[in-house]
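Numbering (the working numbering), first residue to last: 1 to 95.
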(Lines of atoms letter the chains of each structure in order from A and count residues from 1; the text may use other names and numbers.)
(Lines give C-alpha, C1' and ligand atoms only; values in the text may rest on other atoms or scores of the structure.)
Protein backbone atom coordinates (compact mmCIF):
# COMPACT_ATOMS: atom_id res chain seq x y z
CA UNK A 1 0.00 0.00 0.00
CA UNK A 2 2.86 2.38 0.81
CA UNK A 3 4.53 1.61 -2.51
CA UNK A 4 1.36 2.42 -4.45
CA UNK A 5 0.88 5.61 -2.45
CA UNK A 6 4.40 6.74 -3.28
CA UNK A 7 4.10 5.78 -6.94
CA UNK A 8 0.85 7.69 -7.35
CA UNK A 9 2.02 10.71 -5.35
CA UNK A 10 2.38 13.78 -7.61
CA UNK A 11 5.09 15.17 -5.33
CA UNK A 12 7.44 12.49 -6.63
CA UNK A 13 6.95 13.72 -10.19
CA UNK A 14 7.58 17.30 -9.05
CA UNK A 15 10.81 16.16 -7.37
CA UNK A 16 12.07 14.46 -10.51
CA UNK A 17 11.00 17.29 -12.80
CA UNK A 18 12.31 20.16 -10.68
CA UNK A 19 15.23 18.87 -8.64
CA UNK A 20 17.04 16.29 -10.74
CA UNK A 21 17.54 18.45 -13.88
CA UNK A 22 19.70 20.80 -11.81
CA UNK A 23 22.29 18.02 -11.57
CA UNK A 24 22.31 17.12 -15.26
CA UNK A 25 25.17 18.33 -17.44
CA UNK A 26 24.49 17.83 -21.17
CA UNK A 27 28.22 18.07 -21.89
CA UNK A 28 28.98 15.02 -19.74
CA UNK A 29 27.04 12.42 -21.69
CA UNK A 30 23.54 11.28 -22.47
CA UNK A 31 20.94 13.25 -20.51
CA UNK A 32 18.55 10.29 -20.22
CA UNK A 33 21.23 8.03 -18.74
CA UNK A 34 22.20 10.73 -16.23
CA UNK A 35 18.53 11.10 -15.20
CA UNK A 36 18.16 7.34 -14.86
CA UNK A 37 21.29 7.07 -12.71
CA UNK A 38 20.19 9.92 -10.44
CA UNK A 39 16.64 8.57 -10.20
CA UNK A 40 17.82 5.05 -9.47
CA UNK A 41 20.21 6.34 -6.82
CA UNK A 42 17.45 8.32 -5.13
CA UNK A 43 15.10 5.33 -5.21
CA UNK A 44 17.78 3.01 -3.79
CA UNK A 45 18.55 5.41 -0.95
CA UNK A 46 14.85 5.90 -0.16
CA UNK A 47 14.21 2.17 -0.23
CA UNK A 48 17.14 1.53 2.10
CA UNK A 49 16.10 4.23 4.58
CA UNK A 50 12.47 3.11 4.58
CA UNK A 51 13.51 -0.54 5.06
CA UNK A 52 15.70 0.41 8.02
CA UNK A 53 12.83 2.39 9.55
CA UNK A 54 10.40 -0.53 9.06
CA UNK A 55 12.79 -3.10 10.55
CA UNK A 56 13.58 -0.84 13.49
CA UNK A 57 9.90 -0.13 14.13
CA UNK A 58 9.17 -3.85 14.01
CA UNK A 59 11.95 -4.58 16.48
CA UNK A 60 10.70 -1.90 18.83
CA UNK A 61 7.14 -3.24 18.55
CA UNK A 62 8.29 -6.76 19.42
CA UNK A 63 10.30 -5.37 22.35
CA UNK A 64 7.35 -3.37 23.67
CA UNK A 65 4.83 -6.19 23.15
CA UNK A 66 6.81 -8.45 25.46
CA UNK A 67 6.97 -5.85 28.21
CA UNK A 68 3.57 -4.58 29.35
CA UNK A 69 5.12 -1.93 31.60
CA UNK A 70 6.77 -0.32 28.56
CA UNK A 71 3.40 -0.23 26.82
CA UNK A 72 1.88 1.62 29.77
CA UNK A 73 4.82 4.05 29.90
CA UNK A 74 4.54 4.63 26.16
CA UNK A 75 0.82 5.34 26.37
CA UNK A 76 1.30 7.80 29.24
CA UNK A 77 4.18 9.54 27.49
CA UNK A 78 2.25 9.83 24.22
CA UNK A 79 -0.82 11.07 26.07
CA UNK A 80 1.29 13.66 27.85
CA UNK A 81 2.87 14.86 24.62
CA UNK A 82 -0.48 15.10 22.84
CA UNK A 83 -2.05 16.91 25.80
CA UNK A 84 0.84 19.39 25.89
CA UNK A 85 0.49 20.02 22.16
CA UNK A 86 -3.26 20.52 22.51
CA UNK A 87 -2.75 23.00 25.35
CA UNK A 88 -0.14 24.87 23.34
CA UNK A 89 -2.46 25.07 20.34
CA UNK A 90 -5.34 26.25 22.55
CA UNK A 91 -3.26 28.97 24.19
CA UNK A 92 -1.76 30.07 20.86
CA UNK A 93 -5.24 30.32 19.33
CA UNK A 94 -6.34 32.71 22.08
CA UNK A 95 -3.51 35.16 21.36
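Even glycine gets a Cβ: it sits at the ideal position worked out from N, Cα and C.
Contacts around residue 34, its chain only, beta-carbon distance under 6 Å, and the 5 residues preceding and following it disregarded | Residue mapping note: residue 34 aligns to position 34 of the chain shown, counting from 1. If we look at residue 34 and ignore the five residues flanking it on each side, its Cβ neighbours are 24.
Check residue 30 in the structure and name its three-state DSSP category.
-> Walking along the chain shown from the start, residue 30 turns up at place 30. Three-state DSSP puts residue 30 in coil, outside helix and strand.
Check the C-beta distance from residue 20 over to residue 38 and give it rounded, since I have them as a contact under 8 Å.
-> Here residue 20 refers to the residue found at position 20 when the chain shown is read from its first residue. Here residue 38 refers to the residue found at position 38 when the chain shown is read from its first residue. Contact holds; Cβ gap of about 5 Å.
Indicate the three-state DSSP secondary structure (helix, strand or coil) for residue 25 in the structure shown.
-> In the chain shown, residue 25 corresponds to position 25, counting from 1. Correct three-state label for residue 25: coil.
For residue 82 versus residue 71, is the C-beta spacing smaller than 8 Å?
-> Numbered from 1 along the chain shown, position 82 holds the residue referred to as residue 82. Numbered from 1 along the chain shown, position 71 holds the residue referred to as residue 71. No, these two residues do not count as a Cβ contact at 8 Å.
How about residue 12 and residue 6: are their beta carbons less than 8 Å apart?
-> Taking the first residue of the chain shown as 1, we reach residue 12 at position 12. Taking the first residue of the chain shown as 1, we reach residue 6 at position 6. In this structure, residue 6 lies closer than 8 Å to residue 12 by Cβ.
How far does the alpha helix (DSSP H) with residue 75 in it reach, from first residue to last?
-> For the purposes of this step, residue 75 is taken as residue 75 along the chain shown, with counting starting at 1. Element bounds for residue 75: 68-94.
Beta-carbon contacts of residue 79 that lie in its chain and below 8 Å, excluding the five residues immediately before and after = For the purposes of this step, residue 79 is taken as residue 79 along the chain shown, with counting starting at 1. Result list for residue 79: empty, nothing under 8 Å.
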